[in-house]
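**Student:** According to UniProt numbering, the sequence shown is numbered sequentially starting from 1.
Just dropping this structure here.
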Amino acid sequence: MNTKRVVIEDVKHPRDEELLEAAEILRAGGLVAFPTETVYGLGANALNEEAAKKIYAAKGRPSDNPLIAHISGENELRPLVSEIPEAGRKLMEAFWPGPLTIIFPKSEAVPYGTTGGLDTVAVRMPSDPVANRLIALAGVPVAAPSANTSGRPSPTTADHVWEDMNGKIEMILDGGPVGIGVESTIVDVTGEVPMLLRPGAITMEMLEELLGRVEMDPAITGPMSPDMHPKAPGMKYRHYAPKADMTLVEGETGAMAREICRLAGESLAAGKRTGIVCTEETKHLYPEELQREARFFSMGERSREETIAHNLYAVLREFDEVDVEQIFCEAFPDTELGQAIMNRLIKAAGHKIVKV
Ligand code: AMP
Ligand code: MG
1 MNTKRVVIED VKHPRDEELL EAAEILRAGG LVAFPTETVY GLGANALNEE AAKKIYAAKG
61 RPSDNPLIAH ISGENELRPL VSEIPEAGRK LMEAFWPGPL TIIFPKSEAV PYGTTGGLDT
121 VAVRMPSDPV ANRLIALAGV PVAAPSANTS GRPSPTTADH VWEDMNGKIE MILDGGPVGI
181 GVESTIVDVT GEVPMLLRPG AITMEMLEEL LGRVEMDPAI TGPMSPDMHP KAPGMKYRHY
241 APKADMTLVE GETGAMAREI CRLAGESLAA GKRTGIVCTE ETKHLYPEEL QREARFFSMG
301 ERSREETIAH NLYAVLREFD EVDVEQIFCE AFPDTELGQA IMNRLIKAAG HKIVKV
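And the structure:
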């Protein structure tokens, strides 16, 4: 298949003419990748089971991993759900449109092919102007997981999407780099107490301030044992992973950098292509010689964690490009946006964490 790439001129104010062909492809059951404020999504008509199947095929995604349905306005929610619990209503008022996905009991209109066989449906209303207008023009809810090959880091630029999806989908809308850089927060409101299933830019602290008590799916932090069933089926896969073996080093910044220097030194001495991930604040703690010998990346500023989230997946993909075999990466505090960052890094590292 020939994948068409359409560059959006002004991503804050996309013109309908730039989006109409993409909308038509979606309506006709085809696949279009598009930017959202979190990561690039791979869209298909959420009410068309055959279209949803194409998403699983293009991504190589396990079919028990449900898709998030994206809408452009609140009136599009009602047909997808059988009930809107009070907590869901509050969340919508506070955070939609935005980087929050809410799990509702599904209506009959939503096929099991979209929900991975579940009786619930995940819904999000993106704030990104390209995503929002595209969905409105398509006139159907758009199922859109991240537009990467399953298991690879999520795409945060159209080039990332191109690497994974060229030849497999009808169109890529190029809206430049995304803003946030990590996937949406997911909250399940179908139970007694709302439950966080995946951390994101809407933080646990923000959810608790709005809703009071919020539970957290143990799959977010702990390594998965075979008998564990995370409520978001996607959380059980290794996910977000670079090709290299990755180890996270956790501790006070000085000790953390010293340990990474030691481990990276050993790895280089063993003849391995070695990568180091640090931050602007800790860069100076690494000797210049090590910075030259290893693939050395700063992920952003610790004092502005949004910069870390923004660069996270691009840095992991960069390591794939240069064929690094072993990565050592600094850890972050597990609060606010750091919780989303650590969740992705822990998965990328396959739970290999060294504490100093
Ligand atoms: P992605 O689309 O790649 O961001 O992944 C979507 C995430 O949402 C996966 O982790 C899914 O398991 C989760 N998800 C989607 N629908 C549901 C649902 N009905 N219940 C629980 N988790 C869901
Ligand atoms: Mg994904």
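Ideal Cβ positions, reconstructed from N, Cα and C, are used throughout, including at glycine.
1) Of all the alpha helix (DSSP H) runs that stay within the bounds of the stretch 9-86, which reach a length of 4 or more residues?
2) Per DSSP, which one or two residues make a beta bridge with Met1?
3) What number of angstroms, rounded off, separates the C-alpha of Ala44 from the C-alpha of Leu100?
4) Between Leu196 and Asp217, which are expected to be in contact by the criterion C-beta below 8 Å, what is the C-beta distance as a whole number of angstroms?
5) Beta-carbon separation of Ala147 and Met165 under 8 Å?
6) Excluding five sequence neighbours on each side, which residues of the same chain lie with their C-beta closer than 8 Å to the C-beta of Gly265?
7) Between which residues of its own chain and Ala257 is the CB-CB distance below 8 Å, once the five residues before and five after are set aside?
8) Where does Ser303 sit, in a helix, a strand or coil, going by DSSP?
9) State the Cα-Cα distance for the pair Ser267 and Thr274, rounded to the nearest angstrom.
10) CB Ala309 to CB Gly181, shorter than 8 Å?
11) Helix, strand or coil: which one does DSSP assign to Phe332?
12) Using a Cβ distance threshold of 8 Å, determine whether the stretch 339-354 contacts the stretch 311-318, with at least three qualifying pairs required.
13) Can you give me the start and stop residues for the beta strand (DSSP E) that Met125 sits inside?
14) Distance, Cα to Cα, Ile202 vs Val189?
15) Short check: CB of Val11 to CB of Leu77, under 8 Å?
16) Can you name the residues that DSSP bridges to Lys355?
17) Taking Thr36 and Pro126 to be in contact with their CB atoms under 8 Å, please state how far apart those CB atoms are, rounded to whole angstroms.
18) Considering Cα atoms alone, identify which of Val6, Ala348, Lys168 is closest to Leu316.
19) Along the alpha helix (DSSP H) that carries Gly338, what are the first and last residues, could you check?
**Tutor:** With the structure as the only source:
1) 16-27, 49-59
2) Per DSSP, none; premise fails for Met1.
3) 20 Å
4) Sure, about 7 Å apart at Cβ, within 8 Å.
5) Contact flag set, yes.
6) Non-local C-beta neighbours of Gly265 in its own chain, meaning closer than 8 Å and more than five positions away in sequence, comprise Leu290, ordered along the chain.
7) Cys278, Thr282, Leu285, Tyr286, Glu330
8) coil
9) 7 Å
10) yes
11) coil
12) yes
13) Looking at the DSSP string, Met125 is not in any beta strand (DSSP E), and its letter there is neither H nor E.
14) 15 Å
15) no
16) Glu250
17) 4 Å
18) Ala348
19) 337-348
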